[in-house]
Every structure is written in C-alpha cells, then in structure tokens.
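**Q**
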Amino acid sequence: MSTILNAFKEAFLLIVRFNPDFYRVLFLSLIVSGIGTVIGTVIGIPLGVLLSEYSFTGRSVILVIVHTFMGLPPVVVGVFTFLVLARSGPLGSMNLIYTPTAMVIVQVILAAPIIAGLTHASMRGVDPRLGLQARSLGATRIQSVLVKLREARAGLVAAVIAGFGGVISEVGAVMIVGGNIKGSTRVMTTDIVLQTRQGNYQLALAEGIVLLLLAIVINVILTRYQEGGIRIGLARRLAMRGD
Amino acid sequence: MEPIVETSQLKKAYDGRVVLDVEHLVVDPGEILVFLGPSGAGKSVLLRLLNLLEPPTSGEIMFKGEDVSSVSGSHGLEVRRRMVMLFQDPLLFKMSVEKNVAFGLGVRRLPQQEIKRRVDEALELLGLTGLNAKDVATLSGGEAQRVAFARALVVEPEIIYLDEPFSDLDFLIRRRLQSEVRDIFKEKGLTSVFVTHDHEEAARMGDRIMVLNEGKIVQAGTPKQVFQKPESEFVARFVGMENIYGGTVVSSEGGLVEVTVDGEIIEVVTDSCAGEAVTVGLRLRT
Numbered sequence: 041m042s043t044i045l046n047a048f049k050e051a052f053l054l055i056v057r058f059n060p061d062f063y064r065v066l067f068l069s070l071i072v073s074g075i076g077t078v079i080g081t082v083i084g085i086p087l088g089v090l091l092s093e094y095s096f097t098g099r100s101v102i103l104v105i106v107h108t109f110m111g112l113p114p115v116v117v118g119v120f121t122f123l124v125l126a127r128s129g130p131l132g133s134m135n136l137i138y139t140p141t142a143m144v145i146v147q148v149i150l151a152a153p154i155i156a157g158l159t160h161a162s163m164r165g166v167d168p169r170l171g172l173q174a175r176s177l178g179a180t181r182i183q184s185v186l187v188k189l190r191e192a193r194a195g196l197v198a199a200v201i202a203g204f205g206g207v208i209s210e211v212g213a214v215m216i217v218g219g220n221i222k223g224s225t226r227v228m229t230t231d232i233v234l235q236t237r238q239g240n241y242q243l244a245l246a247e248g249i250v251l252l253l254l255a256i257v258i259n260v261i262l263t264r265y266q267e268g269g270i271r272i273g274l275a276r277r278l279a280m281r282g283d
Numbered sequence: 016m017e018p019i020v021e022t023s024q025l026k027k028a029y030d031g032r033v034v035l036d037v038e039h040l041v042v043d044p045g046e047i048l049v050f051l052g053p054s055g056a057g058k059s060v061l062l063r064l065l066n067l068l069e070p071p072t073s074g075e076i077m078f079k080g081e082d083v084s085s086v087s088g089s090h091g092l093e094v095r096r097r098m099v100m101l102f103q104d105p106l107l108f109k110m111s112v113e114k115n116v117a118f119g120l121g122v123r124r125l126p127q128q129e130i131k132r133r134v135d136e137a138l139e140l141l142g143l144t145g146l147n148a149k150d151v152a153t154l155s156g157g158e159a160q161r162v163a164f165a166r167a168l169v170v171e172p173e174i175i176y177l178d179e180p181f182s183d184l185d186f187l188i189r190r191r192l193q194s195e196v197r198d199i200f201k202e203k204g205l206t207s208v209f210v211t212h213d214h215e216e217a218a219r220m221g222d223r224i225m226v227l228n229e230g231k232i233v234q235a236g237t238p239k240q241v242f243q244k245p246e247s248e249f250v251a252r253f254v255g256m257e258n259i260y261g262g263t264v265v266s267s268e269g270g271l272v273e274v275t276v277d278g279e280i281i282e283v284v285t286d287s288c289a290g291e292a293v294t295v296g297l298r299l300r301t
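One line per chain: the protein sequences are C and F, in this order. Residues in the first sequence are numbered from 41 upward in steps of one, following the numbering used here. Residues in the second sequence are numbered from 16 upward in steps of one, following the numbering used here.
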C-alpha cells in the first residue's frame with residue numbers, strides 16, 4: 041500500500057522537479073503519439089467517410105480489413121514494421137529503424153483503422169435524410185457530407201479519443217521498432233516497462249500516474265470539443281454566412 | 016401556360032422491383048398538387064426523383080421545358096437549386112434557428128447582408144421572429160417544422176416538394192400550419208407537390224389530387240371529383256368511404272340508375288346499363 045501512496049508522491053515530484061530526462065521522455069511520448077494520432081486522423085476520417093458515404097467496388101472488403109485492423113495486436117504491427125524498416129528489410133536504406141519516425145509509423149498503422157472504423161460507424165448513425173435535406177437545400181455532394189460530419193462530431197471526437205488512447209498506451213510495437221533508446225526513442229510506456237524490469241516499481245507506477253494525468257488532460261480538451269465546442273470549418277462557415 | 020414539371024413514362028426500380036411507374040404527370044404553375052396514397056405507394060420516391068435527388072430508372076422529367084432526367088454536374092446543381100424539398104421530420108441541423116434558415120443561402124454564396132435580410136423575412140413569415148439565436152434542440156415540434164418551412168422558402172424555390180410535413184404534429188398545430196402554409200403558397204403563387212396518406216389533409220391542401228397505389232396513379236382530379244366519384248373500390252376506401260357494397264343495375268334512364276343492394280333499391284346518378292354488376296359506396300353527409 042505504501043508503495044502505491046509513495047508512487048503518487050513520486051509522480052508529483054517528477055512533475056515539479058523538472059527533471060530534464062523525465063520531461064524528454066514525456067515530451068517524446070506526447071510528440072510521437074500526437075503526430076501518430078494526427079496522421080491517423082488525417083487518414084482515418086476521410087477513409088471512414090469514404091466507406092460510409094460512397095458505393096464502390098471493394099468497399100465491403102476494405103471495411104472488413106479496417107474492422108480487422110481495429111483489433112490488430114500491436115506487437116504484430118511492431119514485428120511487421122520492424123521487418124520492413126530493418127536494415128535488411130525493403131525500406132532498410134531509409135535508416136528509420138530505432139527512430140521516433142518508426143514509432144510514429146507503427147502508431148499511425150494502429151490509430152488509423154480505429155479512427156476510420158469509428159468514423160464509419162458514426163456517419164452511419166446520422167440520419168441519411170439529413171444529407172438529402174442538405175442537397176435539397178442546394179448543397180453539393182461534398183457540402184452535404186460536411187453537414188453529416190458536423191452532425192456526427194461527437195462520434196468523430198470519440199474516434200480520435202479512441203485512436204489517441206490506443207497509441208499513447210501502446211508499448212509492444214514502439215519497443216520493437218524504437219528500441220527504447222535513452223534520449224532518443226524512450227517514451228513513457230517503454231520506460232515504465234524498463235523501470236518495472238529493474239525493480240523500480242514505485243517509479244514505474246509514478247510514471248504511469250503521470251501518463252494517466254496526461255491522458256486525462258488531453259481527453260478533457262477533446263471531450264469539451266465533443267460536447268459542442270468543436271467546429272468543422274467549412275460546414276460551419278457555410279451555415280454561418282447568415283451571421 | 017407551360018407546366019413547371021412534366022414527366023412521361025417515369026419508372027423507378029430497386030433491385031429489379033418496380034416501385035414507381037407513372038405514365039404522365041403535369042404540375043401547373045401555382046398549383047398545389049397532392050399525391051395521396053398509403054405507405055409504400057411510391058410517393059416519397061416520386062418526390063426524390065422530381066427533386067433530382069435520385070435518377071429515374073427510365074422515363075423523362077421536364078423542368079420548365081428542359082429535360083433534366085439525367086442532368087448532373089454544375090448544371091444539375093444549378094437546376095436542383097431552383098427547387099426544394101421538405102421531409103416528414105424537420106431534419107434541422109444542430110445549430111441555431113437562424114443558421115438553419117441561412118443554410119441554403121450560404122451554400123449559394125449570397126452576400127451576407129442579403130442572407131440576413133432574407134432570413135429575417137422568412138422567420139417573420141413563419142411567425143418565428145425573435146427565435147433567431149435559439150438552439151433548434153429546444154424547439155417544439157410545431158416550431159421545428161416552421162423553421163424547416165422557413166429554411167425551404169428562404170431560397171425562393173420555383174417549386175417545393177413536401178413529403179408529409181405535418182404528419183408528426185398534434186392535431187390542432189397541424190390544422191393551423193396547414194392553413195398558414197396553404198395561404199403562404201397561394202399568396203406567393205408558389206407551385207408545390209405535396210404527398211400525404213391523410214385524405215382529409217389532401218382535401219384541405221390540394222388544388223388537384225392524384226391517388227397513388229403500388230407505384231401507379233389510379234385516379235386524378237380535383238378534390239371534389241376524387242372524393243365524390245372515386246373510380247375504384249381502393250380509392251373509395253382510401254378517401255374514407257366505409258360503406259361499400261356489390262349491387263346490380265336494374266334500370267337506367269336519363270342518367271338515373273336504380274341499383275339493387277341486398278334486396279334494397281338505391282337510386283344513383285351515373286351512367287350504367289341494366290344488368291351491369293356495380294360497386295356502390297355510401298357516404299354519410301353531415
């Protein structure tokens with residue numbers, strides 16, 4: 041019990057002491073997961089919209105693949121990406137293995153299907169007549185999709201939250217392609233594993249608490265957007281020209 | 016006068032199943048044409064075709080003399096922007112009343128001042144003045160449908176299609192809104208095509224009624240013609256005639272026909288020959 045209580049104290053001290061090594065790990069976690077989520081969102085939302093709003097050959101196959109990838113074991117992604125990026129792999133000449141870029145790549149592979157799948161589900165949840173109504177009022181096909189995106193915003197933010205949650209808590213894949221190199225590719229989750237292996241349970245738990253706090257802060261911001269603060273640019277501009 | 020809309024041999028099929036098969040249809044300027052029919056009769060499909068939201072499987076749709084059956088791209092958008100459709104539910108977007116009403120003008124990229132002026136006018140016309148900033152989630156059913164009407168009328172369409180827009184409203188609100196909407200349409204000379212399964216609503220709203228069943232027009236005429244002289248048992252029952260009997264014409268002279276129904280003689284003003292088997296519908300007049 042005392043280990044757990046001391047871990048909270050340690051977590052507090054980690055934050056206020058401004059230890060450069062700790063903050064380097066923390067910021068790398070944020071940057072790698074942040075970039076992974078942003079790229080995953082840029083790929084996932086359009087893909088989810090495409091799958092929900094347009095009919096084309098192979099749509100069902102892509103949807104099954106997306107749904108399967110939503111539950112893909114991260115270590116499998118890690119091993120696969122490792123084999124592709126390793127010196128002897130097809131992209132070995134790019135020297136990406138054991139770099140933050142490689143970590144971002146695996147995180148994109150993990151986040152994009154989650155975001156695409158949940159975007160598809162959210163869009164399918166919007167009354168299809170809303171799109172028809174928008175078109176009947178003079179909207180183009182793209183404008184009517186933007187209207188539906190706006191209506192589905194709570195689901196879209198949930199998709200991004202789920203994508204971010206998936207990658208910030210990920211350890212296996214980033215460990216494999218990043219190598220957990222101190223000062224270079226060490227992130228919160230891989231450092232927690234390292235500290236646990238070395239028997240520093242209190243520090244490991246303290247880092248876990250900090251990671252949790254970080255996730256809470258980001259989710260508070262995203263949830264605030266989800267509850268009404270978010271504005272999807274064009275859809276809003278179109279609708280607000282009467283302001 | 017040139018019709019606003021004219022169709023010929025209009026068909027729509029889904030997976031090979033024909034859901035609409037209308038031989039010929041004309042919508043004249045300024046009229047309120049009502050399609051009356053049960054659920055699944057093809058009424059909503061017809062409106063979606065006329066509003067160019069779906070292409071017909073075959074047939075021709077003329078809009079003010081131009082064949083628009085397969086029009087697409089920017090010209091298709093241009094044509095579609097001359098018409099508008101209202102659905103059974105208000106289908107308001109999650110934004111304020113004012114922004115909802117401004118939507119159609121926004122996508123047309125009209126100047127902001129004009130949008131403001133036209134939105135205010137539309138809100139006033141529908142009795143919504145002062146509700147500009149109100150969130151649509153807080154509106155009553157009647158108010159929400161008024162916003163939907165304002166949003167449709169503000170784009171100044173040349174024709175408006177209405178898909179049972181009053182059916183979810185309470186009786187009194189429905190009656191009031193029907194009357195207000197009819198007055199607005201007549202005052203503006205707005206052409207409209209209205210679909211409903213409610214024969215009373217059809218009688219109240221329509222200048223002409225077309226009865227639709229299983230995708231086909233089974234009778235067309237003024238409300239008086241359709242209600243007083245239904246041409247089939249289906250139409251008779253659908254326009255509220257409950258007492259329908261089989262009978263035989265026993266005599267016919269000068270347009271006055273005597274029919275026996277269960278041994279009773281009924282006199283009817285119609286054209287039939289003696290010995291002909293007929294169906295007689297009796298309506299109580301109050």
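Glycine is no exception: its CB is placed at the ideal position from the N, C-alpha and C atoms. The model shown is predicted, which means the values in this text are computed figures rather than measured ones.
Compute the Euclidean distance between the alpha carbons of arginine 300 of chain F and arginine 175 of chain C, then round it to the nearest angstrom.
**A** Answer to the nearest angstrom: the Cα atoms are 45 Å apart.
**Q** Measuring only between beta-carbons, confirm whether leucine 307 of chain F sits less than 7 Å from chain C.
**A** This structure gives no information on residue 307 of chain F, because the portion of chain F shown stretches from 16 to 301.
**Q** Just the C-alpha distance for isoleucine 114 of chain C and isoleucine 102 of chain C, rounded to the nearest angstrom, thanks.
**A** Residue identity differs from the one stated: residue 114 of chain C is proline in this sequence, not isoleucine. Going from the Cα of proline 114 of chain C to the Cα of isoleucine 102 of chain C covers about 20 Å.
**Q** Could you say if the region 17 to 28 of chain F and the region 38 to 53 of chain F meet the contact criterion of at least three C-beta pairs nearer than 8 Å?
**A** At 8 Å Cβ cutoff, the stretches touch.
**Q** What's the call for valine 56 of chain C, buried or exposed, on a 16-neighbour Cβ count within 10 Å?
**A** Valine 56 of chain C comes out exposed.
**Q** Let me see if you follow: with CB-CB separation under 7 Å, is arginine 33 of chain C close to chain F or not?
**A** This structure leaves residue 33 of chain C out entirely; chain C is present only between 41 and 283.
**Q** Apply the 10 Å Cβ neighbour rule to glycine 273 of chain C and answer buried if 16 or more other Cβ atoms are within range, or exposed otherwise.
**A** Confidence at glycine 273 of chain C is low in this model, with a pLDDT of 47, below 50, so its placement is unreliable and the value that follows should be read with caution. Label assigned to glycine 273 of chain C: exposed.
**Q** If you draw a straight line from the alpha carbon of leucine 91 of chain C to that of valine 295 of chain F, how long is it in whole angstroms?
**A** About 56 Å.
**Q** Distance check for asparagine 115 of chain F and glutamate 93 of chain F, CA to CA, integer angstroms please.
**A** Taking the straight line from one Cα to the other gives about 21 Å.
**Q** For serine 176 of chain C, return the contacting residues in chain F, with the cut-off set at a CB-CB distance below 7 Å.
**A** Ordered by position in chain F, the residues that pass the 7 Å Cβ test against serine 176 of chain C are Asn66, Leu68, Val99 and Met100.
**Q** How many angstroms separate the CA atom of valine 83 of chain F from the CA atom of threonine 206 of chain F?
**A** Each residue's alpha carbon lies about 18 Å from the other.
**Q** Under 8 Å by Cβ, that's how I've got leucine 62 of chain F and aspartate 178 of chain F pegged, so tell me the actual separation to the nearest angstrom.
**A** That pair is a contact at about 5 Å.
**Q** Please identify, using Cβ separations under 9 Å, the residues of the region 189 to 210 of chain C that lie next to chain F, in order along the chain.
**A** Listed in sequence order: Arg190, Glu191 and Arg193.
**Q** Based on Cα-Cα distance, which residue from F:Lys109, F:Gly55 and F:Ser59 lies nearest to glutamate 267 of chain C?
**A** Checking every option, the nearest Cα to that of glutamate 267 of chain C belongs to F:Lys109.
**Q** What is the DSSP secondary structure of asparagine 147 of chain F, counted as helix, strand or coil?
**A** In this structure, asparagine 147 of chain F counts as coil in the three-state DSSP scheme.
**Q** Under 7 Å between beta-carbons, which chain F residues line up against alanine 179 of chain C? List them in chain order, please.
**A** The contacting residues are Val122.
**Q** Can you find a CB in chain C that lies within less than 7 Å of the CB of phenylalanine 200 of chain F?
**A** Judged by the 7 Å Cβ criterion, phenylalanine 200 of chain F is not in contact with chain C.
**Q** By the three-class DSSP mapping on this structure, what secondary structure does aspartate 226 of chain F have?
**A** Sequence check: residue 226 of chain F is valine here, not aspartate. Strand.
**Q** Residues of chain F with CB under 7 Å from leucine 172 of chain C, in chain order?
**A** In chain order: Leu68.
**Q** Please check if any C-beta of chain F sits within less than 7 Å of the C-beta of glutamine 266 of chain C.
**A** No, glutamine 266 of chain C does not count as interfacial toward chain F.
**Q** From F:Ile76, F:Val264, F:Lys149 and F:Ser287, pick the residue whose C-alpha is nearest to that of isoleucine 280 of chain F; which is it?
**A** Ranking the options by Cα distance to isoleucine 280 of chain F, first place goes to F:Val264.
**Q** Please list, in chain order, all residues of the same chain as alanine 218 of chain F whose beta carbon is under 6 Å from its beta carbon, the five residues on each side excluded.
**A** Correct list, in chain order: Pro238.
**Q** Under 7 Å Cβ-Cβ, which residues of chain F neighbour valine 187 of chain C?
**A** In chain order: Phe108.
**Q** Which of helix, strand or coil does DSSP assign to threonine 108 of chain C?
**A** If DSSP states are grouped into helix, strand and coil, threonine 108 of chain C belongs with the helices.
**Q** Tell me, please, which residues DSSP counts as bridged to phenylalanine 209 of chain F.
**A** According to DSSP, which records beta bridges pairwise, phenylalanine 209 of chain F is partnered with F:Val49 and F:Leu177.
**Q** Do glutamine 234 of chain F and glutamate 246 of chain F have their C-beta atoms within less than 7 Å of each other?
**A** Yes. Within cutoff.
**Q** Quick check: the region 58 to 72 of chain F against the region 95 to 103 of chain F, are there 3 or more CB pairs under 8 Å?
**A** Cβ pair count under 8 Å is three or more, so yes.
**Q** Look at valine 185 of chain C and glycine 76 of chain C and say whether their C-beta atoms are less than 7 Å apart.
**A** No, the pair does not count as a contact, with Cβ atoms beyond the cut-off.
**Q** I need the straight-line Cα distance from lysine 244 of chain F to tyrosine 176 of chain F, nearest angstrom please.
**A** Taking the straight line from one Cα to the other gives about 27 Å.
**Q** When DSSP builds the beta bridges, which residues end up paired with methionine 100 of chain F?
**A** Answer is F:Tyr176, bridged to methionine 100 of chain F.
**Q** Between the C-alpha atoms of valine 78 of chain C and asparagine 135 of chain C, what's the straight-line distance to the nearest angstrom?
**A** The alpha-carbon atoms of valine 78 of chain C and asparagine 135 of chain C are separated by roughly 23 Å.
**Q** Which residues of chain C have a Cβ atom closer than 7 Å to the Cβ of glycine 119 of chain F, listed in chain order?
**A** Simply Leu177 and Gly178.
**Q** For isoleucine 137 of chain C, report the span of its beta strand (DSSP E) as first-last.
**A** Per DSSP, isoleucine 137 of chain C belongs to no beta strand (DSSP E) and is neither H nor E.
**Q** Between F:Arg32, F:Lys27 and F:Glu46, which lies nearest to glutamate 75 of chain F when the distance is taken from Cα to Cα?
**A** Answer by Cα proximity: F:Lys27.
**Q** Three or more C-beta pairs under 8 Å: does that hold for the region 119 to 129 of chain F against the region 149 to 162 of chain F?
**A** With the cut-off at 8 Å, the region 119 to 129 of chain F and the region 149 to 162 of chain F do not touch.
**Q** In angstroms with no decimal places, state the Cα-to-Cα distance between valine 284 of chain F and aspartate 185 of chain F.
**A** Using only the alpha carbons, I get a separation of about 39 Å.
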